[in-house]
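Chain order of the listed sequences is A and B.
Per our numbering, numbering of the first sequence is gapless, rising by one per residue and ending at 266.
Per our numbering, numbering of the second sequence is gapless, rising by one per residue and ending at 1317.
All residues carry an ideal CB built from backbone N, CA and C; glycine is no exception.
Being a predicted model, the structure only gives us computed values, none of them experimental.
Reviewing the structure listed below.
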Amino acid sequence: MREVDSQTMKIVVCVKQVPDSWAEKTLGPDHTLDRESVDAVMNELDEYAVEEALRLQEAHGGEVVVVSMGPSQTTDTIRKALSMGADAGVHVLDDGLHGSDAVATSLALAKAIEAQGADLVIFGSESTDARMSVVPAMVAERLGLPQLTFSSSVAVDGGTVKTNRVTEYGYDVVEAPLPALVSVVEKINEPRYPSFKGIMAAKKKPVTTLDLAGLGLAADEVGLAAAWSVVADAAARPPKAKGTIVTDDGNGGAAIAEFLSAQKFI
Amino acid sequence: MAEVLVLVEHVDGNVKKVTYELLTLARRIGEPAAVFIGNGADAAIPGLAEHGAATVYVADAPELLAHPVAPKAEVLAKLVAEKSPAAVLVASTAEAKEVAARLAIRTGSGIITDAVDVAADATATQSVFGGATVVHSKVATGTPIITVRVNSTAPEAAPAAGARVDVAVELSAAAQAAKVVDRVEQAKGGRPDLAEAAIVVSGGRGVGGAEGFGVIEALADSLGAAVGASRAATDAGWYPHQFQVGQTGKTVAPQLYIANGISGAIQHRAGMQTSKTVVVVNKDAEAPIFELADFGVVGDLFAVVPQLTEEITKRKG
Ligand SMILES: Cc1cc2nc3c(=O)[nH]c(=O)nc-3n(C[C@H](O)[C@H](O)[C@H](O)COP(=O)(O)OP(=O)(O)OC[C@H]3O[C@@H](n4cnc5c(N)ncnc54)[C@H](O)[C@@H]3O)c2cc1C
Ligand SMILES: Nc1ncnc2c1ncn2[C@@H]1O[C@H](COP(=O)(O)O)[C@@H](O)[C@H]1O
C-alpha cells in the first residue's frame, strides 16, 4: 500500500474527444469513424471524471494531469480540462495510432499513465462514440491496478480509495489500496463550467505530446494494421418502412390496443 | 468440435434468459459449454443443459465473488488456455463487458462488443451509431471474444448433457486488490429488468412531472413491461436515473417499445432504435420519434394512455 501525502497525490484523468452527439456519424473508406467531418467535443461522460478529480484535489491537495489520445484537434479537449482546473496535459499523438481499436487504445493509454506514476487514475465510464465501456477495465488489467469502475461515489482516505460500484441490483461498496483505477458514472457530480479566469490560465499550462517512440511502442503494436478485430463491411441500415400514424379522435388508445392485438402483444 | 464458452448470467443460480440466447447462438459456432461462476450451480444446470450446454464449468469458490470483475476474467482465461475454445460469448451487461475486456488483454485476443447477431464463423453483426449503421466484424487475433446484446435472438431448447466440471483458479494478487466490502440491494419493485424486458413503456418530458409517471407505470403493468424514461424526465428528477434510455443511459432492444411524450432526439434513439416494434404517443405530429413508429397516435398522452391501459386490461379479462 502506498500512503499518500496530500502534497504529492497525483491524479491522472483520461478524457476522449468525440464527435458531437448531435452530429450524423459516418464511417470513412477504411471503416474508421470519420472524425474530420464532424464537430468534436470532450466526451460528456469524461467531464464527470475531470470534475471528480478536481474535487478530490480540492479535498486532499496534489496534482491533476489529463491524458488524451487522439488527432491534433484533441488539444481543444485537453485545454477544456485545463480550463476547468486540471494542472497539466499529456496528448498521445501519432499518425500511427489512427484506427486503433480498444485493445490498442488501452495499450497506448497504459504506457502514458505508467509514465506519470499516478496514485489514482480516473476514467469516464463510456465514450459516446465507441460506446464500448471496456478501456478502463483493459488499462486496469494491463497495469495490474485495482479496478473500481462504474463508481457513483469516490472517497480517498489516506492510502485507500472507496467507491460505490453501480450494479444491476443496486451497488457494491468497493475498497482498494492506492494506486488504483476508477471510472465514474454520469451524474456522480455536476461538472463545472470553465470560468473566464480558468480559460486564460489554461493557456499557460503545460501540455506534453507523446508519440509512439515516447510511449516506447513500435508501429506494429497499435493503429489500424494492428487491430485485433476487423470490420468486414459496413452499410447504412435501410430506412424503416413508414408506419401508420393516426390523429387521436377520442379513440387513440383503443386504436393502439387494436394494433397491439393484431401484432399478438395482447 | 471445438467448444464455445458462454458466461452464465445469474442471480444465485437463477439463470437469466440472455444466457439461453447466448447458448442458442453458440451452437452455430461449436459445442456450447456454460461457465458458471458463483453460488447455485445445481439449480442452474438443468436449464443450461436444456438449452444446449454439453458441459457446465463451475467455479464457486467464495473469493471469486469478493472482488469485482477480475476473478471472472481469470476463470475464463484459464479455460481459454486449457480448452482453446472457438469463441467466448458473454452478455452485453456492464459487468460482463468488463470481464470480456480483461479477458481480451489476458489472452491476447480481439474483442467485439454489443453484437446483435453472430454467424457460424464467429462474424459478429453490430448496430452502431444508434442503429444507423450495420457493421460486420471479425476477431483477427487470438480467441474471438464477443459480447452479445440481450434480446438478440430467441432462445431455443436443444437438450445436451450439461455435465458438471468443477474449476479451481488461483487468483492473481492484482485480481484481489479491490475488495467488495458491502452489497447494497435497492428495491426494484415487481417490474422486469429494463435491459432485458420484452416490452418497455417509456415517458419523456411530455409526462409533465413525477406524478404523471403514474399513467406510464399503469400501462407498463397492464403489459407486464419495464418502465423507461428520457433524459429530460430523469434530469428533472421525475424518474430515477437508472431507468434512462439512450446514449448515456441503457440500450434496449425489446419486442415492443412504447414512447410517450418523447420527441425522439438522436441521443434517445441511440438507446431504442433497434426495438422490433415501436408505438408512439405524442401531441406533436412533427416529432421525429414518429419516423421510427410502426404505429403512432398524435394526441395527448393523458387521454390516449389511460384509454389504452383500460382497453388492454379489458381484453386480458
Ligand atoms: C451528450 C448527450 C447525451 C444524451 N443522452 C441522452 C440519453 O441517454 N437519453 C435521452 O433520452 N436523452 C439524452 N440526451 C438528451 C436529448 O438530447 C433530449 O434532450 C432528450 O431525449 C429529450 O427528452 P424528451 O423527448 O422527453 O423531451 P422533449 O424533447 O422536450 O420532448 C417532449 C415531447 O413530448 C411531447 N408532449 C408534451 N406534452 C405531451 C402530452 N401531454 N401528450 C403527448 N405528448 C406530449 C412534445 O410534443 C415533445 O415531442 C442527451 C443529450 C446529450 C447532449
Ligand atoms: N482515446 C482516448 N483517450 C483518452 N481516454 C480514453 C480514450 N478512449 C477511451 N478513453 C477513456 O475510456 C473511457 C471508456 O471508453 P470506451 O471504452 O471507449 O467506452 C472513456 O470515458 C475515457 O475516460
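How many whole angstroms separate the CB atoms of residue i and residue j, which I take to be in contact at a CB cut-off of 8 Å?
i, j, result
"E1074/B", "S1172/B", "6 Å"
"V1180/B", "P1068/B", "6 Å"
"T75/A", "H91/A", "6 Å"
"T1024/B", "P1144/B", "With a Cβ gap of about 17 Å, T1024/B and P1144/B do not count as contacting."
"V1304/B", "G243/A", "Wrong, their Cβ atoms sit about 16 Å apart, outside the cutoff."
"V67/A", "A112/A", "5 Å"
"R79/A", "A254/A", "Going by Cβ atoms, the distance from R79/A to A254/A rounds to 57 Å, so no, they are not a contact pair."
"R205/A", "A88/A", "Per the sequence shown, the amino acid found at residue 205/A is Lys instead of Arg. About 6 Å separates the two Cβ atoms, so the contact holds."
Grab me the residues of residue i's own chain with a C-beta within less than 8 Å of its C-beta, minus the 5 sequence neighbours each way, in chain order.
i, result
"I266/A", "A257, L260"
"H1010/B", "K1016, T1019, F1036, G1038, G1040, A1044"
"P1159/B", "A1049, E1050, G1052"
"P1085/B", "A1002, E1003, V1004, L1005, G1030, A1033, L1079, T1143"
"T160/A", "M1, E175, A176, P177, L178"
"A59/A", "V156"
Quick one: is residue i buried, meaning 16 or more other Cβ sit within 10 Å of its Cβ, or exposed?
i, result
"K1316/B", "exposed"
"F1290/B", "buried"
"W228/A", "buried"
"E1185/B", "exposed"
"N1014/B", "exposed"
"M1001/B", "exposed"
"G1190/B", "exposed"
"D233/A", "exposed"
"M200/A", "exposed"
"T209/A", "exposed"
"E1211/B", "exposed"
"T8/A", "exposed"
"P1032/B", "buried"
"F1213/B", "buried"
"D1042/B", "exposed"
"A262/A", "exposed"
"D46/A", "buried"
"E190/A", "exposed"
What residues are listed by DSSP as bridge partners for residue i?
i, result
"D76/A", "According to DSSP, D76/A bridges with nothing at all."
"D1166/B", "V1058/B"
"D1117/B", "T1125/B"
"H91/A", "S68/A, T209/A"
"K162/A", "A155/A, E175/A"
"D233/A", "H1136/B"
"I1111/B", "I1145/B"
"G62/A", "G62/A pairs with nothing; no bridge assigned."
"H1241/B", "In the DSSP output, where bridge partners are listed per residue, H1241/B has none listed."
"S1202/B", "G1228/B, A1259/B"
"I245/A", "G1296/B"
"K1250/B", "V1245/B"
"T1329/B", "Past the boundaries of the shown model lies residue 1329/B; chain B is included only from 1001 to 1317, so the question cannot be answered."
"N1282/B", "V1298/B"
"K1179/B", "E175/A"
"E1095/B", "Answer by DSSP bridge pairing: none, since E1095/B is not bridged."
With a CB to CB cut of under 7 Å and the five nearest residues on each side skipped, what residues in its chain are close to residue i?
i, result
"A219/A", "G96, L212"
"E1328/B", "Nothing about residue 1328/B can be reported from this structure: the residues present for chain B run from 1001 to 1317 only."
"R1027/B", "G1052, A1158"
"Y171/A", "S152, N164, R165"
"Q57/A", "I11, V64"
Which residue's Cα is closest to the Cα of residue i: the options?
i, options, result
"E51/A", "D34/A, K187/A, D248/A", "K187/A"
"S1092/B", "V1006/B, S1222/B, G1013/B", "V1006/B"
"L120/A", "I78/A, E190/A, A49/A", "A49/A"
"V1165/B", "V1207/B, K1097/B, K1083/B", "K1083/B"
"G1040/B", "T1125/B, V1008/B, P1240/B, H1051/B", "V1008/B"
"P1192/B", "P1254/B, A1054/B, G1142/B", "P1254/B"
"N1282/B", "V1167/B, V1207/B, G1228/B, I1111/B", "V1207/B"
"G1296/B", "L1256/B, G1271/B, A1177/B", "L1256/B"
"A1175/B", "L224/A, Q147/A, G61/A", "Q147/A"
"P239/A", "V1134/B, T1147/B, A1187/B", "V1134/B"
"K16/A", "G70/A, H31/A, G158/A", "G70/A"
"E1196/B", "Y1239/B, K1250/B, A1178/B, A1163/B", "K1250/B"
Output needed for residue i: all residues of its chain with C-beta closer than 6 Å, excluding positions within five of it in sequence on either side, in chain order.
i, result
"P1306/B", "V1215"
"A53/A", "I11, V13, V64, I122"
"W22/A", "none"
"I1258/B", "V1201, V1279"
"K1222/B", "According to the sequence as given, residue 1222/B is Ser; it is not Lys. Closer than 6 Å at the Cβ level, and outside the excluded window around S1222/B, lie T1309, I1312, T1313."
"V1167/B", "Y1057, A1059"
"S1230/B", "G1204, I1262, H1268"
"V134/A", "A102"
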